[in-house]
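Following: one structure in structure tokens, then a few remarks.
Residue numbers (this note's numbering): 53 to 162.
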């Protein structure tokens, strides 16, 4: 048999057993709170993403799901709150201290 062919055949099992790279993790996402607004007002992320809300305002705020499924503590200026969105869907939220402040997380499939 050709020497190169023998080497190639011997290498096949090693290549097949090599680990496959893991699926990429969801990219980090941030919503900034400033001037009594959430920005961006609508954020689209992949399922499993952790969204960090950062209070860049001079007033305290919080993040409350419209369906009340989660609620951050009151965030003083400079504070952060992180929430993971594991499943596809639409997730509207608002600031319970200032109900006119609203935002929306849209979660797509992985």
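For each residue, glycine too, the CB sits at the ideal point set by N, CA and C.
Just so it is clear, the structure is predicted and the values come from calculations on it, not from any experiment.
Worksheet entry | residue 121 burial status per 10 Å Cβ neighbour count (16 or more: buried) | exposed
Discussion item. Residues in the same chain with beta-carbon distance under 6 Å from residue 94, minus the five sequence neighbours each way, listed in chain order, please.
Written reply: 156
Item to complete: Quick one: measure Cβ to Cβ for residue 137 and residue 115, integer angstroms, because I've assumed they're closer than 8 Å.
Response: The Cβ separation is near 12 Å, so there is no contact.
Worksheet item: Less than 9 Å separating the beta-carbons of residue 144 and residue 126?
Response: no
Discussion item. Tell me the rounded alpha-carbon separation between residue 140 and residue 124.
Written reply: 21 Å
Worksheet item: Does DSSP classify residue 136 as helix, strand or coil?
Response: strand
Worksheet item: Any idea what DSSP makes of residue 34, helix, strand or coil?
Response: Here the chain comprises residues numbered 53 to 162, so residue 34 is not present and cannot be evaluated.
Worksheet item: Mind checking residue 101: buried by the 16 CB within 10 Å criterion, or exposed?
Response: buried
Worksheet item: For residue 118, which of 153, 80, 162 has the nearest alpha-carbon?
Response: 153
Worksheet item: So, is residue 142 buried or exposed, given that buried needs 16 or more other C-beta atoms within 10 angstroms?
Response: exposed
Item to complete: Would you tell me roughly how many angstroms separate the C-alpha atoms of residue 134 and residue 128, rounded to the nearest one?
Response: 14 Å
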